[in-house]
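In what follows, a structure is listed as structure tokens, so that the remarks can point back to it.
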């Protein structure tokens with residue numbers, strides 16, 4: 057029971073963070089969604105150590121494991137608008153495919169950049185530690 061409450065609290069915290077980022081994005085008038093703003097803020101908080109991964113781990117795992125439930129409205133709308141799919145289906149699928157590819161590439165490049173950044177930080181820290189021990 058304690059784990060369920062803990063996971064629920066983390067999910068609610070992630071939803072609150074998304075909502076705050078979405079409101080901020082709309083208030084400032086940014087050209088991208090609040091989810092992107094929230095992701096950037098979350099990465100900054102995790103990288104700086106202000107937010108520990110264990111603080112959101114169970115909630116994020118639960119959201120990811122139940123992600124399919126969030127796409128049910130999409131499937132229902134596809135069934136309702138079969139006429140639109142017959143007329144513009146190819147263009148819609150091309151737009152979805154291009155958007156999906158762009159998101160995957162942006163994610164891959166971001167993960168690669170963060171990994172390189174982290175490796176560089178660790179390498180600089182190791183070099184600094186070696187320099188201190190050699191000088192001592």
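Residue numbers (the working numbering): 57 to 192. For every residue, glycine included, the Cβ atom is placed at its ideal position computed from N, Cα and C. Since we're looking at a predicted model, the values are computed, not measured.
> Would the segment 92-112 and the segment 124-136 be scored as touching if the rule is three or more Cβ pairs under 8 Å?
Replying inline: no
> For residue 118, which residues of its own chain have a beta-carbon under 7 Å away from its beta-carbon, when the five flanking residues on both sides are left out?
Replying inline: Start at 1 with the first residue of the chain shown, and residue 118 comes out as number 62. These residues qualify, in order along the chain: 63, 67.
> Would you say residue 102 and residue 93 are within 8 Å of each other, going by their C-beta atoms?
Replying inline: Translated into positions along the chain shown, residue 102 becomes position 46. Translated into positions along the chain shown, residue 93 becomes position 37. Contact flag unset, no.
>> With H, G and I counted as helix, E and B as strand and the rest as coil, what does DSSP make of residue 156?
In response: Residue numbering aside, residue 156 sits at position 100 when the chain shown is read from its first letter. Helix, per DSSP.
>> Buried or exposed for residue 115, going by 16 or more other Cβ atoms inside 10 Å?
In response: Within the chain shown, the letter at position 59 stands for residue 115. With 16 or more other Cβ atoms within 10 Å, it is buried.
> Helix, strand or coil: how does DSSP classify residue 70 here?
Replying inline: Looking up residue 70 in the chain shown gives position 14. DSSP places residue 70 in helix when its eight states are reduced to three.
> With DSSP run on the structure shown, which of helix, strand or coil describes residue 104?
Replying inline: As a position in the chain shown, residue 104 is number 48, starting the count at 1. It is helical.
> Residue range of the alpha helix (DSSP H) that residue 121 falls in?
Replying inline: As a first step, residue 121 must be located in the chain shown, where it is residue number 65. Start and end: 113-121.
> residue 85 by DSSP, collapsed to three states: which one?
Replying inline: Locating residue 85 in the chain shown gives position 29, where the first residue counts as 1. Of the three classes helix, strand and coil, the one that applies to residue 85 here is coil, per DSSP.
> In three-state terms, what does DSSP make of residue 173?
Replying inline: Locating residue 173 in the chain shown gives position 117, where the first residue counts as 1. Residue 173: helix per DSSP, three-state reduction.
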